[in-house]
Amino acid sequence: MKKKEKPRKKTRKNYSYPKTAAIIYSDVRKEYFPTEAQYITEKDAFDDAKIISKYLNRLKIQTYLFPANELLAGRLRKSGPDLALNLVGSVKGNEYLASTIPALLELLDIPYTGAGVLGESLSYNKFIIKKLLQQNGVPVPNYQIFNSPTDSIDPTLRYPLISKLNEIHGAVEITNDAVSENEKHLRERLKFMISTYDQPVLVEEFIVGREITAILLEGLNTKVYFGEKIFNKPNTKYVFASFEDQWTEGIEAYKYQKYEDPLLREYVKRAFEVTKMADYGKFDVRLDSSGRYYFVDANSNPAFGPKELDCAIANILDMYDITFSEILKRLLLNTLRDSQGKARLPIGKNGDSNGN
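full-length UniProt numbering applies: residue 1 is where the sequence shown begins, and numbers increase by one.
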């Protein structure tokens, strides 16, 4: 006689945790990336996925770990997971191809965490994100997109200017040399970045002031959590979180402390909605000496993991006494409620199939 199965633990609204889950992570090969810096941001993808799988196992969820490569579709069909955690930051080294993962999961009708097709596509075009935020009343610095290092510079831009790769996150090339005080330096930066990474570069006015990271976490109640970066960078002219600060082991260039402002919370909620994120999102904001906010970065599906992986989401929510296990439970609940409680829409989660 078959042994009677123990009842699954129930969450609020009678949703149960999935029995099986696939963790999909970036398939990282050094030859995929044009520089060591970009490779560094993804090299631990498999190890990170293994750590997260242990947290799922504690919830009695069987996990499968799948790299995002040409075998993914077959593996998903064969395993038939109840849910997928989408941790993919790039496909074949291209971050903009990350949107193919939610597209595949939509085709296979597998509920998944994070942004849908549209949200992930938008996230890897910083220029479009800036336009969306600007058009919807979310403040951003003055900016310009450069497709060539010889493009004319908008005369309304004021130095110092900071240059960023338009399609790559992870602070790649946000080095201590990223801020330009004159046209000669800016042109040199543009020439190097465009030729090396074969993509446009977003240039924006550098906002001198404080830096705040906002994490939005959906659930039965959508919450926004803030962490202000308190920097330990004396004698530094332009203080910001550089690539070196974030990826060099043994360096503690900043710590987080709690921050609160109802106005900024409303800005974050609006930004999350107009950029078509889902489940969770991360925003970096600068605050100038006059008390004005400027959104300088937006990440759908930002780095996800517990404190031992030094992820912003875990570090910031820990200040609010929210453990990674609780974050994971909320994420699972929200994903299952989304998939079971309403029809999936063609363009992805939180989208609208008729454009309204």
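Ideal placement from N, C-alpha and C gives every residue a C-beta, glycine not left out.
Quick one: grab the DSSP three-state call for residue i.
| i | result |
| --- | --- |
| R292 | coil |
| K19 | coil |
| Q340 | helix |
| A171 | coil |
| R8 | Caution is warranted here: a pLDDT of 36 is assigned to R8, below 50, making its placement in the model unreliable, and no coordinate value can be reported. |
| I24 | strand |
| N334 | helix |
| V138 | coil |
| V239 | coil |
| K3 | Any reading at K3 needs caution, since the residue's pLDDT is 37, under 50, leaving its predicted position unreliable; the model's value is listed next. The answer is coil: DSSP assigns K3 none of H, G, I, E or B. |
| S152 | coil |
| F324 | helix |
| R29 | coil |
| G305 | coil |
| K126 | helix |
| D194 | Per the sequence presented here, residue 194 reads as Ile, with Asp not at that position. Of the three classes helix, strand and coil, the one that applies to I194 here is helix, per DSSP. |
| E252 | coil |
Return the first residue and the last residue of the alpha helix (DSSP H) that residue i is part of.
| i | result |
| --- | --- |
| T100 | 100 to 107 |
| F46 | 45 to 58 |
| N315 | 312 to 319 |
| F272 | 262 to 274 |
| R75 | 72 to 79 |
| L119 | In the sequence on display, residue 119 carries Gly and not Leu. Unbroken alpha helix (DSSP H) run through G119: 117 to 123. |
| A37 | 36 to 40 |
Is the beta carbon of residue i sitting closer than 8 Å to the one on residue j?
| i | j | result |
| --- | --- | --- |
| E183 | I153 | yes |
| R286 | V274 | no |
| Y143 | E204 | yes |
| F127 | N166 | yes |
| A37 | V172 | yes |
| Y39 | A68 | no |
| S289 | G209 | yes |
| A214 | F283 | yes |
| T175 | F243 | yes |
Would you mind giving the Cβ-Cβ distance between residue i and residue j, rounded to the nearest angstrom? I have them listed as a contact below 8 Å.
| i | j | result |
| --- | --- | --- |
| F231 | Y254 | 5 Å |
| S99 | S121 | 4 Å |
| Y17 | L332 | 6 Å |
Going by the DSSP bridge assignment, what does residue i pair with across the sheet?
| i | result |
| --- | --- |
| E228 | I212, Q257 |
| A298 | F283 |
| residue 432 | Residue coverage of the chain in this structure runs from 1 to 356, which leaves residue 432 outside it and unanswerable. |
| N221 | Per DSSP, none; premise fails for N221. |
| S180 | L161 |
| Q144 | V203 |
| Y112 | A84 |
| V91 | N94 |
Just curious, the beta strand (DSSP E) that residue i is in, first and last residue?
| i | result |
| --- | --- |
| P67 | 62 to 67 |
| A84 | 83 to 86 |
Is the Cβ of residue i closer than 8 Å to any Cβ of chain D?
| i | result |
| --- | --- |
| P34 | Here there is only one protein chain, and chain D is not present. |
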